[in-house]
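Student: Take a look at this one; I'll ask things after.
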Amino acid sequence: GAGVSQSPRYKVAKRGQDVALRCDPISGHVSLFWYQQALGQGPEFLTYFQNEAQLDKSGLPSDRFFAERPEGSVSTLKIQRTQQEDSAVYLCASSPTESYGYTFGSGTRLTVV
Amino acid sequence: QQQVKQSPQSLIVQKGGISIINCAYENTAFDYFPWYQQFPGKGPALLIAIRPDVSEKKEGRFTISFNKSAKQFSLHIMDSQPGDSATYFCAALNDYKLSFGAGTTVTVRA
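Rendered as C-alpha cells:
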C-alpha cells in the first residue's frame, strides 16, 4: 500500500482484557518499529523488527506486552490483561533500511476503562 | 529519562511570523536529527532532517540550525501559515532507535 496501515484506529478495552493491534507496513520495508505515545508526549520506542526477527524489545513496558512479525511483513502488538496505564496511542513505523526514512502509521488509540 | 529536551511546550504566532523551536541532547552517539510534524489523529510525518556534520539545512520555509558543540538544534518556520498549526517533535537517532522530544504545539493566528 501507499503508507503504513494500522487497525483498529480506536480500541476501548475493559481493564483485564487482552488486545491485539495490527500493523501493515509499506511493502518491501525491512524494518518495522512500534512506539507508544502517551497523551501530550512524544512517542517512545517499544520494539524493533528486521524482517521477522525481533532485534530489540527493550522498550516493552512489561511482560504483558508481546509483539510478533512471523512472515516479515504484518506485525501484531498484543497486550495482555490491559491496565489503565496502557492507555495511549500505539504507533507503527516502517523503513526500507535499518534506520532513516521512517514512515509512521496513524496509530491505534487504546483506551482502557 | 528524556534524552531530548524540547522547548517551548507551545507557542502562538501571527500569520507571516517566525516560529522557533529548540531542542537539546546529551548522547553524542546520536547521528541523525529529524523533525516531525503531527496533526491530531495522525502519525508523525517527517518534515526535515539534518546530520551532525552540517550546521544548517533549509527546505522551503523550514530551516534546521545545528550546533554540535553545544548539543543543540532548532527548527525555524518562516512565513508561518495557518496550515502549519500542528505539534512539532524533534528527535534524535542512535542506530535504529528514535528518541523524541516532548513536542511543541504551534498555533498560527490568521
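Protein chains in written order, with our numbering: chain A, 112 to 224; chain B, 298 to 407.
No residue lacks a Cβ here, since even glycine has one placed at the ideal position from N, Cα and C.
On a predicted model such as this, the values are computed, not experimentally measured, just so you know.
1. Do you know how far the Cα of B/VAL405 is from the Cα of A/PHE156?
2. Using a C-beta to C-beta distance shorter than 9 Å, which residues of chain B count as neighbours of A/SER138?
3. State the start and end residues of the unbroken beta strand (DSSP E) segment that holds A/TYR159.
4. Report yes or no: is there a C-beta of chain B within less than 9 Å of the C-beta of A/GLU163?
5. Which parts of the stretch 357–388 of chain B are runs of the beta strand (DSSP E), unbroken and 3 residues or longer, counting only runs that do not cross its ends?
6. Measure the C-alpha to C-alpha separation of B/VAL403 and A/GLU182 and round it to an integer number of angstroms.
7. Assign B/GLY398 to one of two classes, buried (16 or more other C-beta atoms within 10 Å of its C-beta) or exposed (fewer than that).
8. Could you check if B/LEU395 is buried or exposed, using at least 16 other CB atoms within 10 Å of its CB as the buried criterion?
9. In chain order, what are the residue ranges of uninterrupted beta strand (DSSP E) at least 3 long that sit wholly in the stretch 115–170 of chain A?
10. Pick helix, strand or coil for B/GLN300, following the three-state DSSP scheme.
11. According to the Cβ coordinates, are B/GLN300 and B/TYR333 closer than 9 Å?
12. So B/LYS312 is in the beta strand (DSSP E); what residue range does that whole segment cover?
13. I want to see whether chain B comes within less than 9 Å of A/PHE176, judged by CB atoms only; does it?
14. Hey, does B/LYS394 have any beta-carbon neighbour from chain A nearer than 9 Å?
15. Along the beta strand (DSSP E) that carries B/GLN335, what are the first and last residues, could you check?
16. Might you give, ordered along the chain, the residues of its own chain that have their beta carbon closer than 6 Å to the beta carbon of A/VAL223, omitting 5 neighbours on each side?
17. Candidates A/SER169, A/THR214, A/VAL130 and A/ASP135: which alpha carbon is nearest A/SER184's?
18. Does the beta carbon of B/PRO331 sit closer than 9 Å to a beta carbon anywhere in chain A?
19. Determine, using beta carbons only, whether B/PHE327 and B/ILE345 come nearer to each other than 9 Å.
20. May I ask you to verify whether the stretch 171–178 of chain A touches the stretch 113–123 of chain A, counting CB pairs closer than 8 Å and requiring at least 3?
21. Tell me which same chain residues have a C-beta within less than 8 Å of the C-beta of A/GLN148, skipping the five on either side of it?
Tutor: With the given structure in hand:
1. Here residue 156 of chain A corresponds to residue number 45 of the first sequence, with the count starting at 1. Here residue 405 of chain B corresponds to residue number 108 of the second sequence, with the count starting at 1. A straight line joining the alpha-carbon of A/PHE156 with that of B/VAL405 spans about 30 Å.
2. Numbered from 1 along the first sequence, position 27 holds the residue referred to as residue 138 of chain A. The premise fails here: A/SER138 is roughly 18 Å from chain B at the closest Cβ pair, so nothing lies under 9 Å.
3. In the first sequence, the residue the question calls residue 159 of chain A occupies position 48. Element bounds for A/TYR159: 155–161.
4. Translated into positions along the first sequence, residue 163 of chain A becomes position 52. For A/GLU163, the answer is no, since every Cβ of chain B falls outside 9 Å of its Cβ.
5. Within the stretch 357–388 of chain B, the complete beta strand (DSSP E) runs of at least 3 residues are 359–364 and 369–374.
6. Within the second sequence, numbered from 1, the residue matching residue 403 of chain B stands at position 106. Within the first sequence, numbered from 1, the residue matching residue 182 of chain A stands at position 71. Cα to Cα, B/VAL403 sits roughly 41 Å from A/GLU182.
7. Counted from its first residue, the second sequence places residue 398 of chain B at position 101. In this structure B/GLY398 is buried. Its beta-carbon is surrounded by 16 or more other beta-carbon atoms within 10 angstroms.
8. The residue labelled residue 395 of chain B in the question sits at position 98 within the second sequence. It counts as buried.
9. The qualifying runs are 116–118, 121–124, 130–135, 142–148, 155–161 and 164–167.
10. In the second sequence, counting from the first residue as 1, residue 300 of chain B sits at position 3. Coil, per DSSP.
11. For this step, residue 300 of chain B is matched to residue 3 along the second sequence. For this step, residue 333 of chain B is matched to residue 36 along the second sequence. With contacts defined by Cβ atoms closer than 9 Å, B/GLN300 and B/TYR333 do not form a contacting pair.
12. Counted from its first residue, the second sequence places residue 312 of chain B at position 15. It is not in any beta strand (DSSP E) - B/LYS312 carries neither H nor E in the DSSP assignment.
13. Within the first sequence, the letter at position 65 stands for residue 176 of chain A. Chain B, which has no Cβ nearer than 9 Å to the Cβ of A/PHE176, makes this no.
14. Your numbering for residue 394 of chain B matches position 97 in the second sequence. By this cut-off, B/LYS394 is an interface position.
15. Numbered from its first residue, the second sequence carries residue 335 of chain B at position 38. Counting along the chain, the beta strand (DSSP E) containing B/GLN335 begins and ends at 330–335.
16. Here residue 223 of chain A refers to the residue found at position 112 of the first sequence. Here the set comprises ALA124, ARG126, THR193, GLN195, ASP197 and SER198.
17. As a working mapping, residue 184 of chain A is identified with position 73 in the first sequence. When each option's Cα is compared against that of A/SER184, the closest is A/ASP135.
18. The residue labelled residue 331 of chain B in the question sits at position 34 within the second sequence. With 9 Å as the cut-off, B/PRO331 counts as an interface residue toward chain A.
19. For this step, residue 327 of chain B is matched to residue 30 along the second sequence. For this step, residue 345 of chain B is matched to residue 48 along the second sequence. Note that the C-beta distance between B/PHE327 and B/ILE345 is not below 9 Å.
20. They do not touch, by the three-pair rule.
21. Here residue 148 of chain A is taken as the residue at index 37 of the first sequence, counted from 1. For A/GLN148, where only same-chain residues beyond five positions count, the Cβ hits under 8 Å are PRO154, GLU155, ALA199, VAL200, TYR201, LEU202 and GLY218.
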